[in-house]
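Trainee: First the structure, then my questions, so here it is.
Number of protein chains: 2
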Amino acid sequence: MGAYDRLSLNTATTKRLTLAEAVAAAQRAGLPAVGVWRDRVHEVGLAAAARLLAGSGLVVSSLCRGGFLTATEPAARQSALADNRAAILEAATLGTTELVMVVGGLPEGGKDLVAARGRAADAVAELVPHAQEHGVRLVLEPLHPMYAADRAVLSTLEQALDLAAPHSTSAVGVVVDTFHVWWDPKLSEQVARAGREGRLAAYQVCDFNLPIAADALLSRGMMGDGVVDFATITGWVAAAGYAGPVEVEIFNAEIWAADADEVLATLKQRWSELVLPFLAPAG
Amino acid sequence: MGAYDRLSLNTATTKRLTLAEAVAAAQRAGLPAVGVWRDRVHEVGLAAAARLLAGSGLVVSSLCRGGFLTATEPAARQSALADNRAAILEAATLGTTELVMVVGGLPEGGKDLVAARGRAADAVAELVPHAQEHGVRLVLEPLHPMYAADRAVLSTLEQALDLAAPHSTSAVGVVVDTFHVWWDPKLSEQVARAGREGRLAAYQVCDFNLPIAADALLSRGMMGDGVVDFATITGWVAAAGYAGPVEVEIFNAEIWAADADEVLATLKQRWSELVLPFLAPAG
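Which chain is which? The protein sequence lines are A and B, in order.
Once you know that position 211 of the first sequence is 431 in this note's numbering, the rest is easy, because the numbers rise by one and skip nothing.
Once you know that position 231 of the second sequence is 451 in this note's numbering, the rest is easy, because the numbers rise by one and skip nothing.
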């Protein structure tokens, strides 16, 4: 088994690159997979993106992202559901079963977090039949609690698993993204639960940098640059039976400004040191 | 009952004021209580601070703060324990039973969060006899997960209650600070548990401002300026049986720069609109 057999480049890490450029960079780096953002797919069109990815020989580990399901206005809610149905179709067309879902925050001016969480759960339930029809799994992403108001009212892995529980494991899964969940005192327990319940659909790695960036969304860092204990968390994910691709997804202004091939070289080195040794389940 | 009978000014809100000035500002505003930070006590000396507070007729709702208990080096650990024993004595001398504890983050360069949490629990256990001897309660404060690495490895109310569980309720309690816990999907359940288990020692209110301030510690805001649902959370705290003082504790550069009397006028208005109506337990 090669060192990079499970390493996937999420295209957000190389934000300036087009889809074709990101695919080429992953290929030059010897990576077998990419996680793809929808904006770079839309830029070239779905059919062309599907041809490009199929022709590349790369695995598409996920499509990022659906979600933003917490609107209160009926028209906005219908529009969000329509966009998610489109994302499900895009995932299927691009050859991935995993559609990452960022469920959305509080509506403008709203403060009722409990109600927003209820609306997210209702909307996920409404999307499930469409996802099943296309063989796509809605992969719920708990986001760091600092984004609970403006990005995702889904804040812990436990909450994501509770939200997923009523649905088939082929229709609703969860993603463990180290940036979002590293702090959680129940992480070990809930990662094990995710494995046991057949929900562990994806594992994304990047670091949590301090101080928090001026744009808090850009506080994601290269593995090793922040405070995340990759050895421990990766060990939990492996012990839970996760055997799929591991995406590196970094939103970071410095990394975006750097040369993509250099970023990928660093990424491979950090992966080899900090993640790979802990990916094999204990014998 | 007067509108401000339960309103306490935490001296961090009027950071530039000396203890005597903060006490005078609280008195001018007609507030019955203050929560006191140790730096302003040390500045005048413990005995003088105790005389000042006793002579003011104000209730001392808490002393802020003990903690920082996660050091690995024996000398640093002993020094932290000694400082906490001093804080316990200060609390008793100032006439408050509540010593707020911020447990500390990861040690410099360390990433083992599980071990740091274990050290915090061990140190709390070691302090319990001293706290009991002086009639002071160690009030564990879960901090927002964005501070898990650099301020407090205690990140949720559930974790705080689990940590408190082995100890007497007179020795170890918890504080609900809206800024730190508003996002928690288990908040309702855990606030109720805190009441049921006799651990609900303090309630602190301030808002969670977005965007997150350049110094993330200063993202605390005046109630109503951010995303916190004070009606809902205050209702949960009231339903859990909390009947003590409610501190307003705001770290915010603009508020610190403003005139203290004006800050207190705004504070009283927001209190009356956003917190007070929800403090009476449902009949």
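Where is the CB? At the ideal position from N, CA and C, for every residue including glycine.
Which residue or residues does DSSP assign as beta-bridge partners of G446 (chain A)?
Mentor: As a first step, residue 446 (chain A) must be located in the first sequence, where it is residue number 226. DSSP output for G446 (chain A) lists no bridge partner at all.
Trainee: Just the Cα atoms here: how many angstroms apart are K331 (chain A) and D449 (chain B)?
Mentor: As a position in the first sequence, residue 331 (chain A) is number 111, starting the count at 1. As a position in the second sequence, residue 449 (chain B) is number 229, starting the count at 1. Each residue's Cα considered, the two are about 5 Å apart.
Trainee: Would A291 (chain A) pass as a contact of A300 (chain A) if the rule is Cβ separation under 7 Å?
Mentor: In the first sequence, counting from the first residue as 1, residue 291 (chain A) sits at position 71. In the first sequence, counting from the first residue as 1, residue 300 (chain A) sits at position 80. It is a contact, given that the beta carbons lie within the stated cut-off.
Trainee: Give the secondary structure of F428 (chain A) by DSSP, where H, G and I count as helix, E and B as strand, and everything else as coil.
Mentor: In the first sequence, residue 428 (chain A) corresponds to position 208, counting from 1. Correct three-state label for F428 (chain A): strand.
Trainee: For D449 (chain B), which residues in chain A fall below 7 Å Cβ to Cβ?
Mentor: Your numbering for residue 449 (chain B) matches position 229 in the second sequence. Ordered by position in chain A, the residues that pass the 7 Å Cβ test against D449 (chain B) are K331, D332, L333.
Trainee: Can you tell me where the beta strand (DSSP E) with W257 (chain A) in it begins and where it stops?
Mentor: Looking up residue 257 (chain A) in the first sequence gives position 37. Segment 253–257, the beta strand (DSSP E) holding W257 (chain A).
Trainee: Can you list the beta strand (DSSP E) stretches of 3 or more residues lying completely in the region 286–323 of chain B, in chain order?
Mentor: DSSP runs (the beta strand (DSSP E)) wholly in the region 286–323 of chain B: 318–322.
Trainee: Could you name the residues of the region 355–377 of chain B whose beta carbon sits closer than 7 Å to any beta carbon of chain A, in the order they occur along the chain?
Mentor: Residues H364, P365, M366, A368, A369, D370, S375, T376.
Trainee: Please list the residues of the region 483–501 of chain B that have a C-beta atom closer than 8 Å to any C-beta atom in chain A, keeping them in chain order.
Mentor: The residues in question: there are none.
Trainee: Answer yes or no: do N429 (chain B) and G446 (chain B) have a C-beta to C-beta separation smaller than 7 Å?
Mentor: Sequence index remark: in the second sequence, residue 429 (chain B) carries index 209 (1-based). Sequence index remark: in the second sequence, residue 446 (chain B) carries index 226 (1-based). Yes.
Trainee: At what residues does the alpha helix (DSSP H) containing L273 (chain B) begin and finish?
Mentor: Counting from one through the second sequence, the residue named residue 273 (chain B) turns up at place 53. Unbroken alpha helix (DSSP H) run through L273 (chain B): 266–276.
Trainee: What does L438 (chain B) reach in chain A if we use C-beta pairs closer than 7 Å?
Mentor: The residue given as residue 438 (chain B) occupies position 218 in the second sequence. None at all; the shortest Cβ gap to chain A is about 12 Å.
Trainee: Just tell me which of A:V373, A:S282, A:G222, A:A296 has its CA closest to the CA of V320 (chain A).
Mentor: Within the first sequence, the letter at position 100 stands for residue 320 (chain A). When each option's Cα is compared against that of V320 (chain A), the closest is A:S282.
Trainee: Is the Cβ of Q247 (chain A) closer than 7 Å to any Cβ of chain B?
Mentor: Position 27 of the first sequence holds residue 247 (chain A). Q247 (chain A) does not count as touching chain B.
Trainee: Between the C-alpha atoms of A270 (chain B) and L314 (chain B), what's the straight-line distance to the nearest angstrom?
Mentor: The residue labelled residue 270 (chain B) in the question sits at position 50 within the second sequence. The residue labelled residue 314 (chain B) in the question sits at position 94 within the second sequence. So the two alpha carbons sit approximately 5 Å from each other.
Trainee: Is the CB-CB distance between A421 (chain A) and V373 (chain A) below 7 Å?
Mentor: Here residue 421 (chain A) is taken as the residue at index 201 of the first sequence, counted from 1. Here residue 373 (chain A) is taken as the residue at index 153 of the first sequence, counted from 1. No, these two residues do not count as a Cβ contact at 7 Å.
Trainee: Under a CB-based cut-off of 7 Å, is P195 (chain A) close to chain B?
Mentor: There is simply no residue 195 (chain A) to check, as chain A begins at 221 and stops at 503 in what is shown.
Trainee: Buried or exposed, going by whether 16 or more other CB atoms sit within 10 Å of the CB of R440 (chain A)?
Mentor: For this step, residue 440 (chain A) is matched to residue 220 along the first sequence. Looking at its Cβ environment, which holds 16 or more other Cβ atoms inside 10 Å, R440 (chain A) is buried.
Trainee: To the nearest whole angstrom, what separates the beta carbons of P525 (chain A) and S390 (chain B), a pair I think is in contact under 8 Å?
Mentor: Because chain A spans 221 through 503 in this model, residue 525 (chain A) falls outside it and cannot be assessed.
Trainee: Just the C-alpha distance for V344 (chain B) and V396 (chain B), rounded to the nearest angstrom, thanks.
Mentor: The count along the second sequence starts at 1 and reaches residue 344 (chain B) at position 124. The count along the second sequence starts at 1 and reaches residue 396 (chain B) at position 176. When rounded, the distance between both Cα atoms is 18 Å.
Trainee: Starting from the beta carbon of R337 (chain B), find every residue of chain A whose beta carbon is closer than 9 Å, and list them in chain order.
Mentor: Residue mapping note: residue 337 (chain B) aligns to position 117 of the second sequence, counting from 1. The answer, in chain order, is P405.
Trainee: Within the same chain, show all residues whose beta-carbon is closer than 7 Å to that of D225 (chain A), passing over the 5 residues directly before and after it, in chain order.
Mentor: Translated into positions along the first sequence, residue 225 (chain A) becomes position 5. Same-chain partners within the cutoff: P252.
Trainee: Got a sec? Which residues, its chain only, sit under 8 Å from P436 (chain B) by beta carbon, not counting five neighbours each side?
Mentor: The residue you call residue 436 (chain B) lines up with position 216 of the second sequence. The question names Pro, yet the displayed sequence has Ala at residue 436 (chain B). Excluding positions up to five away in sequence, the list reads M366, Y367.
Trainee: Using only the alpha-carbon positions, how far apart do D259 (chain A) and A451 (chain B) sit?
Mentor: For the purposes of this step, residue 259 (chain A) is identified with residue 39 of the first sequence, where counting begins at 1. For the purposes of this step, residue 451 (chain B) is identified with residue 231 of the second sequence, where counting begins at 1. Approximately 39 Å, taken between the alpha carbons.
Trainee: What residue does the beta strand (DSSP E) around G393 (chain A) start on, and which one ends it?
Mentor: Here the question's residue 393 (chain A) lines up with position 173 in the first sequence. From DSSP, the beta strand (DSSP E) with G393 (chain A) extends over 392–397.
Trainee: Please report the distance separating the alpha-carbon of A242 (chain A) from that of V483 (chain A).
Mentor: By 1-based counting over the first sequence, the position of residue 242 (chain A) is 22. By 1-based counting over the first sequence, the position of residue 483 (chain A) is 263. Using only the alpha carbons, I get a separation of about 12 Å.
Trainee: In its own chain, which residues sit with a C-beta less than 8 Å from the C-beta of E493 (chain A), not counting the 5 before and 5 after it?
Mentor: Taking the first sequence and counting its residues from 1, one reaches residue 493 (chain A) at position 273. Once the five neighbours on either side are set aside, the close Cβ partners of E493 (chain A) are G444.
Trainee: Can you tell me whether A421 (chain A) is helix, strand or coil according to DSSP?
Mentor: In the first sequence, residue 421 (chain A) corresponds to position 201, counting from 1. The answer is strand: DSSP assigns A421 (chain A) an E or B state.
Trainee: If I follow the unbroken beta strand (DSSP E) through V466 (chain B), where does it start and stop?
Mentor: To locate residue 466 (chain B), count along the second sequence from 1; it is residue 246. Run containing V466 (chain B): 466–468, per the beta strand (DSSP E) assignment.
Trainee: Taking only the alpha-carbon atoms, compute the straight-line gap between F288 (chain A) and E346 (chain B) and give it to the nearest angstrom.
Mentor: Translated into positions along the first sequence, residue 288 (chain A) becomes position 68. Translated into positions along the second sequence, residue 346 (chain B) becomes position 126. Their Cα atoms are separated by approximately 47 Å.
Trainee: Classify S228 (chain B) as buried or exposed, calling it buried when 16 or more other Cβ atoms lie within 10 Å of its own Cβ.
Mentor: Taking the first residue of the second sequence as 1, we reach residue 228 (chain B) at position 8. With 16 or more other Cβ atoms within 10 Å, it is buried.
Trainee: For H400 (chain A) and P362 (chain A), which I take to be in contact (beta-carbon distance under 8 Å), what is that distance rounded to the nearest angstrom?
Mentor: What you label residue 400 (chain A) is simply residue 180 of the first sequence in a count that begins at 1. What you label residue 362 (chain A) is simply residue 142 of the first sequence in a count that begins at 1. Confirmed, about 6 Å.
Trainee: What residues of chain A sit near L326 (chain B), judged by a beta carbon separation below 7 Å?
Mentor: Here residue 326 (chain B) corresponds to residue number 106 of the second sequence, with the count starting at 1. By Cβ distance, chain A contributes V447.
Trainee: Closest to W491 (chain B) by CA distance: which of B:N472, B:A473, B:V466 is it?
Mentor: Your numbering for residue 491 (chain B) matches position 271 in the second sequence. Closest by alpha carbon: B:V466.
Trainee: Would A232 (chain B) be called buried (16 or more neighbouring beta carbons within 10 Å of its own) or exposed?
Mentor: Translated into positions along the second sequence, residue 232 (chain B) becomes position 12. Buried.
Trainee: If you count every other CB in all the chains shown that lies within 10 Å of the CB of Q489 (chain A), and 16 or more means buried, which is it?
Mentor: Along the first sequence, read from residue 1 onward, the residue named residue 489 (chain A) stands at position 269. Result: exposed.
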